[in-house]
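Here's the structure we're looking at; comments come further down.
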Amino acid sequence: MTKIQKGFSVLLCLCFFLVLAVMPEPFSRLENIYRQFPVYRFVEQKVRHTYLEEDWQTEEKLIEENAQYVGQLLQISQAPQEAEIPETTEIPQKTKTSETAQISQETENPEITETPQNAEELQNTGDSQNTETVQPHPVIDLSPEKLADKNYLLEHFFVVDASTTADAASLDAAEYLAKDLTLKPEKGQPQILIYHSHSQETFADSREGEEADTVVGVGDYLAEILEEKYGYQVIHVKEHFDVIDGEIDRSRAYDFAREHIEKVLEENPAIQVIIDLHRDGVPEGKRLVTEIGGRDTAQIMFYNGLSYTVNQGKVSYLPNPYIEENLAFSFQLEYAAAEYYPGFYRCIYLAGLRYNLHLRPRALLVEAGAQTNTVQEVKNAMEPLGDILNRVLKGSDK
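If you read the sequence shown in numbering that gives the first Met the number 0, its first letter stands for residue 0, the second for the next number, and so on.
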């Protein structure tokens with residue numbers, strides 16, 4: 000190339016940059032000019048690829064948070080309220096701890112021990128609403144035709160964990176509603192047992208060291224409602240199955256709970272209803288709350304195990320002859336909630352293990368609120384929970 004040719008090439012380049020410089024946005028941006036050179040495009044793509052590789056944790060977190068909104072499919076059961084409510088029917092993030100050493104330990108949400116501004120308020124649940132006067136006011140279609148559609152049930156009543164499959168249960172609403180789960184009174188004998196596999200679960204404003212502000216304190220209030228308002232005799236087990244040597248350890252909480260509860264059942268054979276009361280764990284900033292009787296009330300979720308996983312099939316070492324009865328009990332309660340307290344229930348969450356639900360046909364694992372709810376909101380939830388329990392056990396919901 001001659002000197003004249005080289006000079007002409009340089010002149011053309013200068014003209015090119017001059018034209019780009021006077022062009023309007025976005026063509027005049029420097030990065031758009033540099034992108035005309037192959038070397039710049041190569042370096043830019045390399046940097047972007049490296050960034051995505053290094054930031055995979057952030058990407059996974061975003062995917063996880065976006066998954067919460069899948070639960071909006073269930074939100075049609077939610078009465079109109081604040082815009083934050085999509086999480087009230089989200090797919091739960093909490094993974095239950097193992098019943099045996101073969102299952103991995105759950106990841107715990109941090110416990111919040113903020114001191115409330117008015118500690119006395121936590122001990123006062125306020126004026127109890129007269130739940131007996133509540134009239135049915137469902138906001139979803141509860142007709143037999145709709146409930147006969149399995150897809151409709153999965154959309155509005157059930158959430159299936161990825162570890163299991165809905166085919167492991169019948170999910171037959173008509174069959175569930177037809178089951179007689181009423182409780183015949185046994186004078187002078189306890190028929191309901193409440194316990195807590197995870198006794199150390201607390202809430203947003205729980206005071207450290209105060210049992211009344213834990214899920215055990217919530218269990219006390221539920222027992223009080225069932226006894227004083229509805230006339231049931233209740234045993235409330237308060238043992239700590241998730242504490243070992245003074246430290247929270249939930250790796251065998253279900254095993255320890257089972258061993259203890261089996262002894263209680265031997266001593267009290269009239270017990271027919273078993274409630275393992277928990278609180279859920281959700282991302283911080285999300286609240287599982289609805290309004291009932293003019294009060295903020297934590298929402299509830301029923302957690303059922305199918306003893307069936309995608310990887311293993313039927314989990315033979317965790318047999319449960321009462322899977323269908325357990326599901327029928329949860330479904331009748333959820334159906335009653337859909338009738339009388341729309342927005343109160345989140346879903347029936349179907350998981351792969353057993354969670355001690357094999358101890359009785361009327362066995363429940365209930366998640367009341369989460370760590371982001373206040374103690375008062377969760378205690379408020381015990382009144383509608385007691386009401387729907389009474390409706391199912393006395394047959395007044397059908």
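All C-beta atoms in this analysis are idealised placements derived from N, C-alpha and C, irrespective of residue type, glycine included.
Assumed close pair residue i, residue j - CB separation to whole angstroms, cut-off 8 Å
i: Y229; j: Q190; result: The pair is not a contact, with the Cβ atoms about 11 Å apart (cut-off 8 Å).
i: F343; j: R278; result: Actually they do not touch by this definition, with Cβ atoms about 15 Å apart.
i: E223; j: T213; result: Wrong, their Cβ atoms sit about 16 Å apart, outside the cutoff.
i: A256; j: N379; result: Not confirmed; about 26 Å, so no contact.
i: D248; j: H235; result: Contact doesn't hold; Cβ gap of about 23 Å is too wide.
C-beta contact flag for residue i and residue j at 9 Å
i: L352; j: G304; result: yes
i: I291; j: Y340; result: yes
i: Y302; j: A350; result: yes
i: L176; j: L152; result: no
i: A167; j: S395; result: no
i: A367; j: L225; result: no
i: L221; j: L392; result: no
i: V400; j: S205; result: This structure leaves residue 400 out entirely; the chain is present only between 0 and 397.
i: V215; j: K237; result: yes
i: C346; j: M300; result: yes
i: L192; j: N267; result: yes
i: L141; j: A336; result: no
i: A173; j: P143; result: yes
i: Y348; j: V217; result: no
i: N355; j: S162; result: no
i: K178; j: E324; result: yes
i: H357; j: Y321; result: yes
i: T371; j: E246; result: no
i: E376; j: D254; result: no
Exposure label - residue i; buried when at least 16 CB within 10 Å
i: H155; result: buried
i: D244; result: exposed
i: Q44; result: Because Q44 sits at a pLDDT of 48, beneath the cut-off of 50, its placement in the model cannot be relied upon, and the following sentence gives the value as read from the coordinates. Result: exposed.
i: Q134; result: exposed
i: S196; result: buried
i: A252; result: buried
i: Y50; result: Only weak support is given to the placement of Y50: the predicted model assigns it a pLDDT of 34, under 50, and the question is left unresolved by the model.
i: Y194; result: buried
i: I270; result: buried
i: T1; result: exposed
i: T308; result: buried
i: A100; result: In this prediction, A100 has a pLDDT of 38, which is less than 50 and means its spatial position is unreliable; nothing more can be read from the coordinates.
i: G280; result: buried
i: D160; result: buried
i: E207; result: exposed
i: D148; result: exposed
i: F240; result: buried
i: N319; result: buried
i: V9; result: exposed
i: L180; result: buried
i: L11; result: exposed
Extent of the continuous beta strand (DSSP E) to which residue i belongs
i: L276; result: 272-279
i: D386; result: Counting along the chain, D386 falls outside any beta strand (DSSP E), though it belongs to the alpha helix (DSSP H) covering 374-393.
i: G368; result: 361-369
i: R294; result: 294-297
i: T289; result: 288-291
i: R206; result: Where R206 is concerned, there is no enclosing beta strand (DSSP E), given that its DSSP letter is neither H nor E.
i: A350; result: 344-350
i: V309; result: Looking at the DSSP string, V309 is not in any beta strand (DSSP E), and its letter there is neither H nor E.
i: Y354; result: Note, Y354: premise wrong, no beta strand (DSSP E); not H, not E.
i: V138; result: From DSSP, V138 is part of no beta strand (DSSP E); its letter is neither H nor E.
i: V133; result: Note, V133: premise wrong, no beta strand (DSSP E); not H, not E.
i: H239; result: Element bounds for H239: n/a, residue is neither H nor E.
i: Y194; result: 191-194
Residue range of the unbroken alpha helix (DSSP H) whose run includes residue i
i: A211; result: Run containing A211: none; DSSP gives neither H nor E here.
i: H334; result: For the record, residue 334 in the displayed sequence is Tyr; it is not His. Unbroken alpha helix (DSSP H) run through Y334: 322-339.
i: D254; result: 252-266
i: E200; result: Counting along the chain, E200 falls outside any alpha helix (DSSP H), and DSSP gives it neither H nor E.
i: N150; result: 149-155
i: Y175; result: 172-177
i: L146; result: 143-146
Distance cut-off 8 Å: residue i Cβ against heavy atoms of the ligand NAD
i: F301; result: With respect to the ligand NAD, the structure shown offers nothing to examine, as it has no ligands at all.
Note to self: Across the stretch 287-296 and the stretch 259-271, are there enough close Cβ pairs to call them in contact, namely three or more that are closer than 8 Å?
What the structure shows: no
Next item on the list: Would you check if the stretch 356-363 and the stretch 323-335 touch, i.e. whether three or more CB-CB distances between them fall below 8 Å?
Entry: yes
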